[in-house]
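The structure appears right after this line, and notes come after that.
There are 2 protein chains.
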Amino acid sequence: MNRTISTETINKVGETVKLNGWVHVRRNMGKIAFLDLRDRWGILQVVCVPAELDEQSIEVLKDIRPEFVLEIEGVVQARGEKQINKDMPTGTVEILAKKINILSKAATPPFEIENEDRQAGEELRLKHRYLDLRHERMKNNMIMRSRMMQFVRNFLHGQDFVEVHTPILSKSTPEGARDYLVPSRKFPGSFFALPQAPQQYKQMLMVAGMEKYFQIAPCFRDEDARADRSPGEFYQIDMEMSFVNQDDVLSLTEKMFTKMIKELWPDKKMTHSKWPRLDWQEVMDKYGTDKPDLRKDKNDANELAFAWIVNFPLFEKQAEDRESEEHFHGSTGAWAPSHNMFTRPKEEDLELLDSDPGKVKSYQHDLVLNGVEVGGGALRIYDAKIQEKVFDLIGFDAKKKEQFKHFLTAFKYGVPPHGGIAPGFDRLLSILQSEPTIREVIAFPLTADAKDPLMESPSEVAKEQLDDLGIQIKK
Amino acid sequence: MNRTISTETINKVGETVKLNGWVHVRRNMGKIAFLDLRDRWGILQVVCVPAELDEQSIEVLKDIRPEFVLEIEGVVQARGEKQINKDMPTGTVEILAKKINILSKAATPPFEIENEDRQAGEELRLKHRYLDLRHERMKNNMIMRSRMMQFVRNFLHGQDFVEVHTPILSKSTPEGARDYLVPSRKFPGSFFALPQAPQQYKQMLMVAGMEKYFQIAPCFRDEDARADRSPGEFYQIDMEMSFVNQDDVLSLTEKMFTKMIKELWPDKKMTHSKWPRLDWQEVMDKYGTDKPDLRKDKNDANELAFAWIVNFPLFEKQAEDRESEEHFHGSTGAWAPSHNMFTRPKEEDLELLDSDPGKVKSYQHDLVLNGVEVGGGALRIYDAKIQEKVFDLIGFDAKKKEQFKHFLTAFKYGVPPHGGIAPGFDRLLSILQSEPTIREVIAFPLTADAKDPLMESPSEVAKEQLDDLGIQIKK
């Protein structure tokens, strides 16, 4: 007999079915036991009456406790009018058990699964993440993550974007944040770095003529934790296009997310159906921040106030706190890039690069949602001379420029004008799911102090492993 | 004016259009110049007649050479009957240029773009990968990679699978291949490891009740190169399901790839529309290998002979060469797992675990295509006692078992029977694209000796970076 999932039973009244799942709750009423059986799709009431069960099942039933994994054969019965539970999708039926089989027993979990409140601390929840993910709310976060990924991909494939995997074993370059390093075994003393973002790869894909690229890309920065940034890895919706202007990038992004929210989060309401495009200087003057919260009712959990911020200065005097997925500075000079060192200055301000760099405006665009930056991007420089001038202005010496040699070389062979944006996937999802931290929408996150209590990583490794790599731990 | 892409022009005869792209070929015939303009979608003939051009464009035209990036305004003209080029999708039209603008100049590339033959060595091609990817064949490999990803995802989403990102900063465990290590800054002397495969995470997602999980997952093994394995990173289609039998896993996989090939590679023909399921012992006796090439005509580049191999022994005396994406041994005892240490023995052979382990058969399944293993998987052990017994048989001491403590702990809390498969994404794609190595279907691969000639990684890093991590290079 094929398995029937919980929610399918409502259309199978009178049929004998085979069910699989976990015991969510057990209630005894005299000789009758009620089991709420949970699978990924829902919860189903199973009635266990000794007279209906075989000998073995009666015996088995005695042991059954919450979180046991069962296989149950039984008959789907319609509930009486009074017994219908309108709060449960399967509330119109129940299963009269005929045969019960225990597939796995379960010890008492370290925290309740049935109780949805976050009764356990984060460390304990992460140590037993396989139990924490059984909570309805966490399961839904994982499912919405999956649906959001698929929505974004289908949308961009529909727009003829090509999805490209860029390397995770990449190169350390001075782009601002601290790199995670990976020692090379073949070249002892040399290191790969995990990419802070696929910035250079996506630009080289434009040089390659890919024209429309995207990737839900893993990014790695060895930075200390913040509420909206998990230590270790996070994902960004990395998009890059050739032969576009800024409006093309903004309009496409706005269209994608508007459609996504309508489809996946229909209860959410947008404050502005057409997202305002605000001048950076005006926003700074009016709100004192470039991440204004434009909600009309800050108490409405379902209000979404998106806005674009444009006309940023190309440089800033001092590196601000990095907020955007694409923001990394790497400046050692008087000027730091406001967005990143690849951002294109506005044509009319090119002359100011020499005379008054602080006055140069750029084609940077930030996407702000309810006072949080959820994405940044820009049109990029596509002229090697301007790129070199920006390197000079941010204080790159010959050695640092040498690290970008491949990039400047690529710019010799026919570069299309290009630009893009990289909305933070986890951050946007956490806001849409009303979660306080992005760790709640990541299956197996590191803690705020960058360790994994489940696998107990990072961990010590064998001396031979380090010998192979030609490194040793400093005394 | 909006940009028109090359292939759209065939429906725009008589219209004035704006085009963007690269100069593929320039031919001069007296005062008239013919430019083949290339964009991602195709190649289009542009006719440049001085009398039709403005002054500036006439001047500009003189400089134009292959790989320049242009913006052209012109009128779409139908070609005369004799001039129609049936080999070109745009061969019914040509563009009469009115205005030509150079967006970027290009130096002469180190190898030809127009000539599709692999005239350059791999190192040179990788050093200028942004030019190599301009080749029609490489571009198509990238596009087919993108389409295959999307097909697989849509198919599995359609089957209600949840796509989950598992950690890339993971833990070093003795699973056979050499780990890439990532030193921790917060815990000096401790290391993350890049996952050889998400094996433990996917099993823990089954414990979590996810029931149907998949991921096109990056995997990392610090192994020396082979034709069908790129050093560094590769991707597998990682699928895991609960409450399934082996037939469920095999049938789903077969259905997915059959549909995929029909849709994306319609010229390919399958030798067997229903893939044979072959007994391992019989295959070994008959072919002397467990990867038989079952093609009827080995000279037919379009023939695909898929087969399943089942009934593997659970253990082998000595570790064979690792072929499967899921195969990793990590044995230190007399017995090594034939697949991996999580593979479920057949119920009827459980007693033999004590008396004659070499005779125990397992629920491993390998997918073979044209003599190449393209995927391996298994039903997994879901009983902690059997798992511990397998650890013992492969010679795990208390210290090694300690590294799997979290896994055995998870098994206390209600584990569903589960199993899956992990076809190698790059390897399968390379066969379907008739490419000799998987590096041809990866955008930015490492060379066979594990370096990236483009970014010049791995590379030296600053001493301060190593100080931060508490490591140093061995003298």
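Residue numbers (the numbering used here), protein chains in the order written: chain A, -9 to 465; chain B, -9 to 465. Cβ coordinates follow ideal geometry from the N, Cα and C atoms, glycine included.
Identification of residues in the segment 321 to 335 of chain A having a C-beta nearer than 9 Å to some C-beta of chain B yields an empty set.
By a beta-carbon distance limit of 8 Å, Lys281(A) contacts Glu363(A). Their separation comes to about 5 Å. The shortest CA-to-CA distance from Ala297(A) to any of Pro164(A), Asp373(A), Lys264(A) is the one to Lys264(A). Rounded to the nearest angstrom, the Cβ distance from Leu284(B) to Thr248(B) is 16 Å, too far for a contact under 8 Å. Proximity of Pro99(A) to chain B, defined by a Cβ-Cβ separation below 8 Å, is satisfied. For Ser94(B), the uninterrupted beta strand (DSSP E) segment begins and ends at 83 to 94.
For secondary structure counted as the beta strand (DSSP E) over 3 or more consecutive residues, the segment 145 to 205 of chain B holds these complete runs in sequence order: 171 to 173, 181 to 183.
Membership of Val65(A) in any alpha helix (DSSP H) is not indicated; the residue belongs instead to the beta strand (DSSP E) covering 59 to 68. Just so you know, the alpha carbons of Met196(A) and Pro157(B) end up roughly 29 Å apart. The C-beta of Thr333(B) has 16 or more other C-beta atoms within 10 Å across all chains shown, which makes the residue buried. By the neighbour-count criterion, in which 16 or more other beta carbons inside 10 Å mark a residue as buried, Met139(A) falls on the buried side.
The continuous alpha helix (DSSP H) containing His396(B) extends over residues 395 to 400. Closest in alpha carbon position to Val83(A), among Glu71(A), Ile90(A), Ser94(A), is Glu71(A).
Scanning its chain for C-beta atoms nearer than 6 Å, with the 5 sequence neighbours on each side dropped, one finds around Phe224(B) the residues Cys209, Asp416, in chain order.
Less than 8 Å divides the Cβ of Pro406(B) from the Cβ of Leu93(A). If you compare the alpha carbons of Pro435(A), Ile463(A), Asp339(A), Phe145(A) with that of Lys117(A), the shortest gap goes to Pro435(A). Annotated three-state conformation of Ile33(B) is strand, per DSSP. The Cβ atoms of Glu63(A) and Val13(A) lie no closer than 8 Å to each other. In this chain, Arg124(B) is not harboured by any beta strand (DSSP E), its DSSP state being neither H nor E. At the C-beta level, Ile227(B) and Ala440(B) stay beyond 8 Å of one another. Between Lys349(A) and Leu340(A), the C-beta gap is not smaller than 8 Å, which leaves the two residues out of contact. A buried status is given to Thr243(A), since no fewer than 16 other beta-carbon atoms sit within 10 Å of its beta-carbon. By the Cβ test, the segment 141 to 153 of chain B is not in contact with the segment 171 to 182 of chain B, since fewer than three Cβ pairs between them sit closer than 8 Å. Of the candidates Val37(A), Ile54(A), Asn91(A), the residue whose Cα lies closest to the Cα of Gln67(A) is Val37(A).
With a threshold of 16 other beta carbon atoms within 10 Å, Met(-9)(B) falls short and is exposed. Out of Ile74(A), Met134(A), Asp77(A), the CA that lies nearest to the CA of Glu425(A) is found in Met134(A). Taking a contact to require three or more Cβ pairs closer than 8 Å, the segment 46 to 60 of chain A and the segment -4 to 3 of chain A do not qualify as touching. For Gln236(B), the secondary structure class from DSSP, reduced to helix, strand or coil, is helix.
Here Tyr372(B) carries a coil assignment [DSSP, helix/strand/coil]. Sequence-distant partners of Ala291(A) (beyond 5 residues in either direction) whose C-beta falls short of 7 Å from its own C-beta, in its chain, are Ser424. Of the residues assessed, Met231(A) falls on the buried side of the cut-off, its CB having 16 or more other CB atoms within 10 angstroms. Nearest neighbour of Lys95(A) by Cα position, chosen from Asp442(B), Ala452(B), Phe401(B), turns out to be Phe401(B). For Trp298(B), the secondary structure class from DSSP, reduced to helix, strand or coil, is strand. Contact check between the segment 268 to 276 of chain B and the segment 234 to 241 of chain B: fewer than three CB pairs, one atom from each, fall below 8 Å, which does not count as touching.
Trp12(B) reaches chain A at Gly199, Gly404, Pro406, counting residues in chain order whose Cβ is nearer than 9 Å.
Listed as beta-bridge partners of Met229(A) by DSSP are Phe204(A), Ile411(A).
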